[in-house]
Amino acid sequence: MDRINRAWNSDFVWSFRHSPVAVVSLALVVVLVLSAVFAPLISPYNPFDPASLNLMNGFSKPMEPNTFTGDVFWLGTDDQGRDVFSTILYGMRISLFVGFTAVLFALLLGVSLGLIAGYVGGWTETAIMRVADVQLTFPAILVAMLIFGIAKGITPVHLRDEMAIWVLIIAIGLSDWVQFARVVRGATLVEKNKEYVQAAKLIGRKPGAIMLRHILPNVLSPVLVIATISLALAIIAEATLSFLGVGAPPTQPSLGTLIRIGQGYLFSGEWWIILYPSITLLALALSVNLLGDWLRDALNPKLR
Amino acid sequence: MEMPVLSVRDLVVEIPTRHAVLRPVNGVTFDLHRGEILGMVGESGAGKSMTGNAVIGLLDRPARIAGGEILLNGERIDQLQGEELRRLRGKHIGMVFQDPLTSLNPLLTIGEQLTETITEHLNVSASEARQRAVDGLREVGIPAADQRMDAYPHQFSGGMRQRVVIALALCAEPSLIIADEPTTALDVSVQAQIIALLKRLCRERGTAVMLITHDMGVIAETADRVAVLYAGRMAELGLARDVLTHPNHPYTIGLMGSTPLASAGQARLYQIDGSMPRLDALPAGCAFNPRCSRVQSKCSQDPSPSLAAHQDRAACWFGGEGTR
Amino acid sequence: MLAYSIRRVVQSIVVLLVVGLVAFSMFRFVGDPIDNMLGQERTDADIERLRGELGLDRPFIVQYGRFLTNAASGNFGVSFRQGRPVATILVERAPATLELAAVSGLFAMVLGVGLGVFTAIRRNGFAANFIMTVSLVGVSLPTFLIGILLIYLFAVELGWLPSFGRGDTVRLGSWSTGFLTASGLKALILPSITLGLYQMTLIMRLVRSEMLEVLRAEYIRFARARGLRERAINFHHALKNTLVPVITVTGLQLGSIIAFAIITETVFQWPGVGLLFINAIQFVDIPVMAAYLMLISVMFVGINLIVDLLYFAIDPRLRVDRTVAEG
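Structural data, given as structure tokens:
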């Protein structure tokens with residue numbers, strides 16, 4: 007109890023409790039993530055079960071009974087009579103899965119390479135940072151497109167859609183590690199010249215131990231902040247790729263795919279098909295971003 | 139008597155926090171005369187730097203001056219704002235910071251930093267400003283000052299950098315210098331040189347110096363008078379040789395006892411029990427009473443007597459009689 | 125400094141060779157170029173002839189060398205889809221993308237640095253807080269949604285600006301510009317905002333946070349203590365120190381404008397190389413993909429190089445430390 011009390015009153019939690027933006031963002035993120043995780047339990051329809059679809063339900067307006075069947079859909083339906091609310095829940099599942107996995111991949115890769123580059127220096131550093139440069143030659147969008155283009159040429163037609171999600175994760179993850187590596191390398195270069203690291207070297211600590219025990223803790227907060235912001239960026243990147251048609255396929259639509267599908271109906275009056283997935287995507291990206299922003303301020307007490 | 143360069147009366151600095159209002163400086167009073175060096179000593183957090191920052195108007199928000207007066211050459215400066223305050227800094231009050239490594243802008247040559255300060259405050263041409271800057275560097279003992287003007291701070295050693303900082307603080311010929319731990323970040327071998335330099339320059343120009351330090355050795359070598367601060371209050375104020383040899387306040391006695399230099403003859407170092415209380419947990423009565431070796435019941439009831447300027451004594455109910 | 129520059133240039137060339145290898149491998153191994161070029165009706169004689177023409181019967185390294193020398197002289201082969209030399213198509217398309225990128229980049233830089241400094245100096249003011257909040261929404265808004273929103277607002281609802289294309293263009297030699305006609309300029313507005321907004325908010329937020337960090341530095345306090353003007357402190361002392369880290373990211377951001385143009389060009393059907401690239405992917409037009417990859421790599425590597433050299437030019441500490449470290 008005492009511990010909980012102390013945690014509750016710590017500066018970190020205190021600044022959280024007193025930042026309405028942070029509280030609302032976190033609440034929103036939690037709600038969105040939970041509804042994505044439990045999508046099969048929450049969603050009123052399974053949009054990908056052909057048996058549950060009725061073409062007569064196509065283009066139902068939100069909250070209005072369908073002209074033919076009388077069914078009511080909260081957020082309307084698309085051309086094939088799929089419930090938009092359900093497709094959004096399933097779409098968010100894919101968006102979040104791709105986002106989290108890609109950032110985790112990028113973080114592990116970036117932090118280790120950054121530490122090694124900064125600490126070891128010399129040719130290792132040059133090699134890693136050159137790879138980073140090559141990497142930067144291919145921004146996320148481009149990497150994914152290239153991999154998509156190459157995959158299109160290589161994979162048998164029937165496997166393409168199944169592979170798409172993993173191709174996305176690799177593409178986004180690979181495009182993002184440089185951020186982590188650059189920050190960690192920069193911090194490592196600064197830290198390794200500090201006296202305490204020199205002292206640790208002098209008393210014969212192994213490089214691995216110095217990196218993990220002395221340098222890594224110093225870069226944890228920027229890494230956490232970058233990871234949170236990267237998550238928002240990864241979600242946006244995924245949506246963009248899917249929107250351009252080089253991401254999640256229509257059989258496994260993410261929020262971006264849904265917006266791509268909905269764009270065709272924007273000018274013919276079926277606004278709900280594009281509006282609601284767009285709002286969901288915005289809410290998701292914005293709340294994660296706001297959280298990352300608050301985190302950066304909270305972990306950097308100098309700026310408070 | 140000559141008007142003091144700096145006169146501080148009952149200065150109170152407050153920091154409102156979410157729990158309480160803290161007073162890191164609470165009723166500090168002292169005078170500082172032309173050419174005089176006043177040493178301000180005390181443990182960290184005693185309010186030395188905060189007093190210095192209040193005088194030059196550099197308190198970081200939310201800290202603010204909540205009471206008292208600060209007079210510079212007879213004029214009140216504690217209420218100056220914005221542009222007036224800016225004109226005061228550098229021109230009338232110079233400041234030397236603790237760490238010469240971080241107090242110089244790494245991307246500007248020292249020449250640029252000197253001339254911009256000079257042209258800001260003195261009505262001189264660019265070439266004259268440069269000449270003054272070179273002279274200033276020469277005066278603080280930078281060899282080949284003319285060539286070193288175009289060097290960047292990182293090309294100087296720590297001691298040399300602190301010389302540059304002193305040149306910067308003095309370049310607009312202020313009447314008061316606030317030196318906040320000017321030697322703490324330096325190598326021991328360099329410390330004495332910097333102190334000697336500061337002392338010489340101020341004597342020559344008649345600049346008053348407020349020397350903030352926790353190093354009694356520096357005080358002994360440099361200061362004309364000493365102010366001892368404890369928990370935001372003035373514990374003792376007097377001529378340096380008196381305070382150093384016959385301290386009156388029990389805290390000062392303890393402080394002397396725990397300094398190797400002053401107690402060279404003693405068998406072992408005296409130690410003050412405990413540590414300075416946090417500002418949000420000050421004891422009732424005299425702030426020093428829980429640690430005082432001569433505490434009596436009065437000490438935990440009545441606040442210690444306040445020190446009036448010029449009265450050479452300690453802020454203690456019993457200190458005066460005890461040692462003399 | 126000179127030694128460092130030379131080494132950086134050599135490194136950049138190595139990077140380009142590696143990219144070239146990727147492009148070549150795509151060209152050579154992804155899909156069968158013979159299949160792609162001849163289609164369904166073909167004879168064995170046709171295949172043999174084409175194989176010889178393309179040099180596909182030669183050793184790998186020879187083919188790679190030939191690919192590189194061709195690429196260096198601007199010969200990227202023939203587009204599978206259009207049946208015309210890729211170089212010709214790229215030259216046609218490049219002005220549209222470059223003009224769009226230039227306008228967006230300028231917009232992002234000027235507004236980004238300006239607003240960043242403003243929000244840092246007035247960091248508790250109402251206007252600064254408002255800008256920061258809006259910018260967060262800006263960062264969270266995917267580019268394509270901004271584009272759709274702008275089209276909906278200014279093209280569909282208000283009808284003020286065109287929703288697609290470049291408008292009328294004027295030919296200046298081989299360069300077709302949209303800068304010289306009213307419709308060309310009008311057509312630039314929405315795509316430029318769409319493309320530049322994201323980079324602008326990033327630059328602004330970066331400048332702001334670096335500036336806040338710098339404003340807390342001891343030398344800024346010392347500058348205050350010396351009675352320098354706020355203006356001099358903010359713009360001479362603080363901004364200069366802010367620029368060191370900002371330049372890296374800003375430079376890279378400007379480079380990525382070219383890459384992000386793919387999205388904007390798709391949304392606005394802007395006839396630039398980005399749209400060409402997307403179409404090439406959809407039709408597996410390998411020569412166009414490879415050529416685009418090579419071009420954009422040259423651009424990015426070039427920007428990286430310039431950024432690195434600038435970094436050293438601005439920070440005297442790095443200049444000296446490096447020379448010392450490298451003897």
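Residue numbers (my numbering), protein chains in the order written: chain A, 7 to 310; chain B, 139 to 462; chain C, 125 to 451. Here a beta-carbon is modelled for each residue, glycine too, at the ideal position from N, C-alpha and C. None of these values were measured; they are calculated from a predicted model.
Quiz item: So residue 205 of chain B and residue 148 of chain B are in contact, right, with Cβ under 8 Å, and what is the actual spacing, rounded?
Solution: 6 Å
Quiz item: Which two residues bound the contiguous alpha helix (DSSP H) that contains residue 273 of chain B?
Solution: 264-277
Quiz item: Given residue 224 of chain C, which residues of its chain have a CB within under 8 Å of its CB, disregarding the five upstream and five downstream residues?
Solution: 312, 315, 316, 319, 385, 388, 389, 394 and 396
Quiz item: Which residues, in order along the region 248-271 of chain C, keep a beta-carbon less than 8 Å from a beta-carbon of chain A?
Solution: 260, 261, 263, 264, 265, 266, 267, 268 and 269
Exercise. Determine the closest residue to residue 169 of chain A out of A:52, A:253, A:302 and A:57, with distance taken between C-alpha atoms.
Key: A:253
Practice problem: For residue 18 of chain A, collect the residues of the same chain with a Cβ closer than 7 Å to its Cβ; drop the 5 residues on either side in sequence, then sort them by chain order. | Solution: Excluding sequence neighbours, residue 18 of chain A sits near 304.
Quiz item: If you follow the alpha helix (DSSP H) that residue 379 of chain B is part of, which residue opens it and which one closes it?
Solution: 378-383
Quiz item: Taking the continuous alpha helix (DSSP H) assigned at residue 361 of chain B, which residues delimit it?
Solution: Neither: residue 361 of chain B is in no alpha helix (DSSP H) and is coded neither H nor E.
Exercise. Use the C-beta contact count for residue 416 of chain C: other C-beta atoms within 10 angstroms, 16 or more gives buried, fewer gives exposed.
Key: buried
Quiz item: For chain A, is any of its Cβ atoms less than 8 Å away from the one on residue 371 of chain C?
Solution: no
Quiz item: Does the beta-carbon distance from residue 200 of chain C to residue 218 of chain C come in below 8 Å?
Solution: no
Practice problem: For residue 425 of chain C, collect the residues of the same chain with a Cβ closer than 7 Å to its Cβ; drop the 5 residues on either side in sequence, then sort them by chain order. | Solution: Taken in chain order, the residues that qualify are 136, 139 and 140.
Practice problem: Could you name each continuous alpha helix (DSSP H) segment of 4 residues or more that falls completely within the region 159-238 of chain B, going from the start of the chain to the end? | Solution: 186-194 and 220-226
Quiz item: What residues in the region 193-218 of chain B bring their beta carbon closer than 7 Å to a beta carbon of chain C?
Solution: 194 and 196
Quiz item: Can at least three beta-carbon pairs, one atom from the region 236-244 of chain B and one from the region 319-339 of chain C, be found at a separation below 8 Å?
Solution: With a cut-off of 8 Å on Cβ pairs, the region 236-244 of chain B is not in contact with the region 319-339 of chain C, counting fewer than three such pairs.
Exercise. Identify each residue in the region 337-358 of chain B for which the Cβ-Cβ distance to at least one residue of chain C is less than 8 Å, and report them in chain order.
Key: none
Exercise. Give a yes or no on whether the minimum CB-CB distance between residue 435 of chain C and chain B is below 8 Å.
Key: no
Quiz item: Mind checking if residue 349 of chain C is an interface residue toward chain B, Cβ cutoff 8 Å exclusive?
Solution: yes
Exercise. Find the residues of chain B that neighbour residue 74 of chain C, judging by a C-beta separation of less than 7 Å, and give them in chain order.
Key: Past the edges of chain C, shown from 125 to 451, lies residue 74 of chain C, and the structure says nothing about it.
Quiz item: Using a Cβ-Cβ distance under 8 Å, would residue 273 of chain A count as near chain C?
Solution: yes
Quiz item: DSSP state of residue 143 of chain B, grouped into three classes?
Solution: coil
Quiz prompt | Local conformation of residue 375 of chain B per DSSP, three classes | solution = strand
Exercise. Round the Cβ separation of residue 336 of chain B and residue 320 of chain B to the nearest angstrom and send it over; I've been treating them as touching at under 8 Å.
Key: 7 Å
Practice problem: Please list the partners that residue 190 of chain C has in chain B, where partner means a Cβ-to-Cβ separation under 9 Å. | Solution: In chain order: nothing, as chain B lies at least about 49 Å away.
Exercise. May I have the straight-line CA-CA distance separating residue 280 of chain A from residue 265 of chain A, to the nearest angstrom?
Key: 5 Å
Quiz prompt | Burial state of residue 342 of chain B (16 or more Cβ within 10 Å) | solution = So residue 342 of chain B ends up on the exposed side.
Practice problem: Would you give the residue range spanned by the alpha helix (DSSP H) that residue 229 of chain A belongs to? | Solution: 222-250 is the span of the alpha helix (DSSP H), which, as asked, contains residue 229 of chain A.
Quiz prompt | Where residue 299 of chain A meets chain C, residues with beta-carbon distance less than 8 Å | solution = 260
Exercise. Could you list the residues in the region 232-250 of chain B with a C-beta less than 8 Å from some C-beta on chain C, going in chain order?
Key: 232, 233, 235, 237, 240, 241, 242, 243, 244, 245 and 246
Practice problem: Assuming residue 159 of chain B and residue 152 of chain B form a contact by the criterion Cβ under 8 Å, report the distance between their Cβ atoms to the nearest whole angstrom. | Solution: About 5 Å; that satisfies the 8 Å criterion.
Quiz item: Can you list, in chain order, the residues of its chain whose CB lies under 7 Å from that of residue 272 of chain B, leaving out five sequence neighbours each side?
Solution: 283, 284 and 287, listed in sequence order.
Exercise. Tell me, please, which residues DSSP counts as bridged to residue 368 of chain B.
Key: B:371
Self-check item: Beta-carbon proximity list for residue 429 of chain C, same chain, < 8 Å, skipping 5 on both sides
Solution: For residue 429 of chain C, where only same-chain residues beyond five positions count, the Cβ hits under 8 Å are 132, 133 and 136.
Quiz item: In terms of residues, what are the limits of the alpha helix (DSSP H) holding residue 318 of chain B?
Solution: Per DSSP, residue 318 of chain B belongs to no alpha helix (DSSP H); it is in the beta strand (DSSP E), 314-318.
Exercise. Quick one: measure Cβ to Cβ for residue 193 of chain A and residue 225 of chain A, integer angstroms, because I've assumed they're closer than 8 Å.
Key: 4 Å
Quiz prompt | residue 295 of chain C, enclosing beta strand (DSSP E) - first and last residue | solution = 294-296
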